[in-house]
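In what follows, a structure is listed as structure tokens, so that the remarks can point back to it.
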Amino acid sequence: MKEEKELNDDLKQLLDALEEHGRNTRRQAQLSDLIDQLATQEKTVEMPHKHRKLAPLWWAMGAAAACLLLWLLVKPTTKQTPEMEEKNLVEVEKVEVTEPIMTEENNVVIEEPVVKEELLTEEMPAVPKKTPTKVEKPRMKIIEEKPEEPVLAEVNLTEPVKPTDTENIESNTTPTENETPVAVQKPQRRVIRSLNLVCYECQKDPEHEVKPKPNVDNRTLFGQPQDPNMKNGSLAFEFKLN
Amino acid sequence: MTIEEFKRDILRLQPLMQRTAEHIIGNPDSAEDAVQETVIALWEQRATIKESKDLERLSLTIVKRRSIDQLRKQKPTVSIDAESLMLTEAQQDDLEERYQLARQLVDHLPKRQRDAILMKYEDGLSNEEIEKATGMSRTHLYATLSRAYTSLRNAIEQHKKELP
Chain A
7 MKEEKELNDD LKQLLDALEE HGRNTRRQAQ LSDLIDQLAT QEKTVEMPHK
57 HRKLAPLWWA MGAAAACLLL WLLVKPTTKQ TPEMEEKNLV EVEKVEVTEP
107 IMTEENNVVI EEPVVKEELL TEEMPAVPKK TPTKVEKPRM KIIEEKPEEP
157 VLAEVNLTEP VKPTDTENIE SNTTPTENET PVAVQKPQRR VIRSLNLVCY
207 ECQKDPEHEV KPKPNVDNRT LFGQPQDPNM KNGSLAFEFK LN
Chain B
120 MTIEEFKRDI LRLQPLMQRT AEHIIGNPDS AEDAVQETVI ALWEQRATIK
170 ESKDLERLSL TIVKRRSIDQ LRKQKPTVSI DAESLMLTEA QQDDLEERYQ
220 LARQLVDHLP KRQRDAILMK YEDGLSNEEI EKATGMSRTH LYATLSRAYT
270 SLRNAIEQHK KELP
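This is the structure:
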């Protein structure tokens, strides 16, 4: 009886082991299905933690790179129509300033007409077009050194003229056809020269008396012959020498 | 770790996890739930697992915690000593040895008896399902199973005699 019971217990353990193994096999199949399901869900719905944070960043970077590439490709090939070019051009018009700029340096008042470039429209073109502007170099006029004629150093002004504008002359002035370039470009030099007037004959002979010339209209301040075409050029030299 | 590697290691560890959970909880169904929860948790941490040893260690830790959680749901007032509830290696080896012996003895049975035993115990089919699958009648099935039990008993006795 006891042996039979032991045999039955042994057999029962044996069969339990078989049963458990079978159950485990079925559970493994279920787990396998579960893992497959998880893998499918991961592919379709969600991603692992690491990739989840990086994904939007990569998308943004890719989009930005694509936009930049597109812009670089399209930009050089854009051709503006003539109408657009005209619209976008900066309109520059030369306007002659009517009121002269007056400067007073060392008791010498000089009135000079100034040509200003006024920017009428501030609309800049999308593609800056190279406008064929001539940059004229200030013509250096070679001044022949001549023995300067005796000119009175004293300048008498009957009516002192007040400067109406305090603008810098050099920054705004450009030479025009009616002006001598030297007079416009280098006013200080002219003034200094004008103050440095020493009679040539006086240097030789201290007792020499300087007699003012009655008519010096046809000559410049430096004794050079006046340009016959310059009618308004005398504006810069309106003061009269006695 | 790829999906295939993960699946392979999990299926290898499943019996161990199941037995551990069953040993803690005492209920096969709850243990099965704990194992499934463990597999899901391991799947979420798959990116951090590099080697199979890490997976094994982590799986046992997780299944132990999930089993204790299940046990607390059932009996919330009982104090649990987790370490004492864990299966020892000898117990795990014993289970594996018993299955190997059972399989060896069953394989020596005649085909009809072997199929009936394996279908009933390993595959977990009911008598009606075995009748349908094999085409045997109920009486025939009972007779076949009885003969199989007798053969197995004899085989166990023979096996005991062979042991030193």
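Protein chains in written order, with this note's numbering: chain A, 7 to 248; chain B, 120 to 283.
C-beta atoms are modelled at their ideal positions from N, C-alpha and C, and glycine is treated no differently.
Excluding sequence positions up to five away, which residues of its chain have a Cβ less than 6 Å from the Cβ of residue i?
{"i": "ALA23 (chain A)", "result": "none"}
{"i": "SER171 (chain B)", "result": "ASP128"}
{"i": "ARG185 (chain B)", "result": "ALA153, GLU156, THR157"}
{"i": "GLU207 (chain A)", "result": "HIS214"}
{"i": "LEU63 (chain A)", "result": "none"}
{"i": "GLN219 (chain B)", "result": "none"}
Is it buried or exposed for residue i, if we count other Cβ within 10 angstroms and need 16 for buried?
{"i": "GLU9 (chain A)", "result": "Annotation note: pLDDT 45 at GLU9 (chain A) (below 50); position unreliable, coordinate value reported separately. Exposed is the call here."}
{"i": "ALA221 (chain B)", "result": "buried"}
{"i": "LEU125 (chain A)", "result": "Low confidence applies to LEU125 (chain A): its pLDDT is 48, below 50, so where it sits in the model is not reliable enough to give any reading."}
{"i": "VAL80 (chain A)", "result": "exposed"}
{"i": "LEU224 (chain B)", "result": "buried"}
{"i": "SER149 (chain B)", "result": "buried"}
{"i": "GLN277 (chain B)", "result": "exposed"}
{"i": "ASP128 (chain B)", "result": "buried"}
{"i": "GLU306 (chain B)", "result": "A query on residue 306 (chain B) cannot be resolved here, the shown segment of chain B reaching from 120 to 283 and no further."}
{"i": "THR50 (chain A)", "result": "exposed"}
{"i": "ASN14 (chain A)", "result": "exposed"}
{"i": "ARG196 (chain A)", "result": "Reliability of the predicted coordinates at ARG196 (chain A) is poor, the pLDDT of 48 falling under 50, and the value obtained from them is presented with this limitation in mind. Label assigned to ARG196 (chain A): buried."}
{"i": "MET136 (chain B)", "result": "buried"}
{"i": "ASN30 (chain A)", "result": "buried"}
{"i": "THR180 (chain B)", "result": "exposed"}
{"i": "GLU216 (chain B)", "result": "exposed"}
{"i": "GLY254 (chain B)", "result": "exposed"}
{"i": "VAL101 (chain A)", "result": "Per-residue confidence for VAL101 (chain A) stands at a pLDDT of 49, beneath the threshold of 50, marking its modelled position as unreliable; the derived number appears in the next sentence. VAL101 (chain A) comes out exposed."}
{"i": "GLY68 (chain A)", "result": "exposed"}
{"i": "ASN174 (chain B)", "result": "In the sequence as displayed, the identity of residue 174 (chain B) is Leu instead of Asn. That one is buried."}
Which residues in the same chain have their Cβ closer than 8 Å to the Cβ of residue i, if we skip the five residues on either side of it in sequence?
{"i": "GLU250 (chain B)", "result": "SER256, ARG257, LEU260"}
{"i": "ARG165 (chain B)", "result": "MET120, PHE125"}
{"i": "LEU244 (chain B)", "result": "MET238, ALA252"}
{"i": "LYS169 (chain B)", "result": "MET120"}
Under 7 Å between beta-carbons, which chain A residues line up against residue i? List them in chain order, please.
{"i": "LEU271 (chain B)", "result": "LEU17, LEU20"}
{"i": "GLU151 (chain B)", "result": "ARG33"}
Find the residues of chain A that neighbour residue i, judging by a C-beta separation of less than 9 Å, and give them in chain order.
{"i": "ARG233 (chain B)", "result": "Those within 9 Å of ARG233 (chain B) in chain A number zero; the least Cβ separation is about 11 Å."}
{"i": "ILE275 (chain B)", "result": "LEU13, ASP16, LEU17, LEU20"}
{"i": "ALA221 (chain B)", "result": "GLN19, LEU20, LEU21, ASP22, ALA23, LEU24, HIS27"}
{"i": "LEU224 (chain B)", "result": "LEU20"}
Quick one: list the residues of chain B neighbouring residue i, beta-carbon separation under 7 Å, in chain order.
{"i": "GLY28 (chain A)", "result": "TYR240, GLU241, ASP242, GLY243"}
Run through chain B and tell me which residues come within less than 8 Å of residue i, C-beta to C-beta.
{"i": "ALA69 (chain A)", "result": "Chain B residues near ALA69 (chain A): none, gap ~27 Å exceeds 8 Å."}
{"i": "LEU40 (chain A)", "result": "GLN155, VAL158, ILE159"}
{"i": "ALA45 (chain A)", "result": "ILE122"}
{"i": "LEU63 (chain A)", "result": "In chain order: nothing, as chain B lies at least about 18 Å away."}
Roughly how far, in whole angstroms, is the beta-carbon of residue i from the beta-carbon of residue j, given that I think they are within contact range, below 8 Å?
{"i": "SER178 (chain B)", "j": "LEU190 (chain B)", "result": "That pair is no contact at about 18 Å."}
{"i": "LEU37 (chain A)", "j": "LEU130 (chain B)", "result": "7 Å"}
{"i": "GLN133 (chain B)", "j": "ARG33 (chain A)", "result": "6 Å"}
{"i": "ILE275 (chain B)", "j": "LEU20 (chain A)", "result": "7 Å"}
{"i": "ASP242 (chain B)", "j": "ARG233 (chain B)", "result": "Contact flag wrong, Cβ pair sits at about 12 Å."}
{"i": "TYR240 (chain B)", "j": "GLU25 (chain A)", "result": "4 Å"}
{"i": "ARG176 (chain B)", "j": "LEU17 (chain A)", "result": "So it is not a contact: roughly 37 Å between Cβ atoms."}
{"i": "TYR264 (chain B)", "j": "ALA235 (chain B)", "result": "Note that residue 264 (chain B) corresponds to Leu in the displayed sequence, not to Tyr. Contact holds; Cβ gap of about 6 Å."}
Name the chain B residues that come within less than 9 Å of residue i, Cβ to Cβ?
{"i": "LEU79 (chain A)", "result": "The contacting residues do not exist; LEU79 (chain A) stays about 39 Å from chain B at best."}
{"i": "LEU74 (chain A)", "result": "What LEU74 (chain A) touches in chain B: nothing, since even the nearest Cβ is about 33 Å away."}
List, in order along the chain, the chain A residues whose C-beta lies closer than 8 Å to that of residue i?
{"i": "TYR268 (chain B)", "result": "LEU17"}
{"i": "TYR218 (chain B)", "result": "ALA23, LEU24, GLU26, HIS27"}
{"i": "LEU214 (chain B)", "result": "ALA23, GLU26"}
Could you name the residues of the same chain whose beta carbon sits closer than 7 Å to that of residue i, not counting the 5 residues immediately before and after it, in chain order?
{"i": "VAL182 (chain B)", "result": "MET136, THR139, ALA140, ALA153, VAL154, THR157"}
{"i": "SER87 (chain B)", "result": "Residue numbering for chain B in the displayed model covers 120 to 283; residue 87 (chain B) lies beyond these limits and cannot be assessed."}
{"i": "GLN47 (chain A)", "result": "none"}
{"i": "MET266 (chain B)", "result": "Reading off the sequence, residue 266 (chain B) comes out as Arg, not Met. Same-chain partners within the cutoff: GLN232."}
When Cβ atoms are compared, which residues of the segment 158 to 172 of chain B fall closer than 9 Å to chain A? VAL158, ILE159, TRP162, GLU163, ARG165, ALA166
Listed from N- to C-terminal order along the chain, which residues in the segment 171 to 190 of chain B have their beta-carbon within a distance smaller than 7 Å of any beta-carbon of chain A? Residues of the segment 171 to 190 of chain B with a C-beta atom less than 7 Å from some C-beta of chain A do not occur.
Within 7 Å of chain A by C-beta, residues of the segment 124 to 145 of chain B in sequence order: So the close ones are PHE125, LYS126, ILE129, LEU130, GLN133, PRO134, GLN137.
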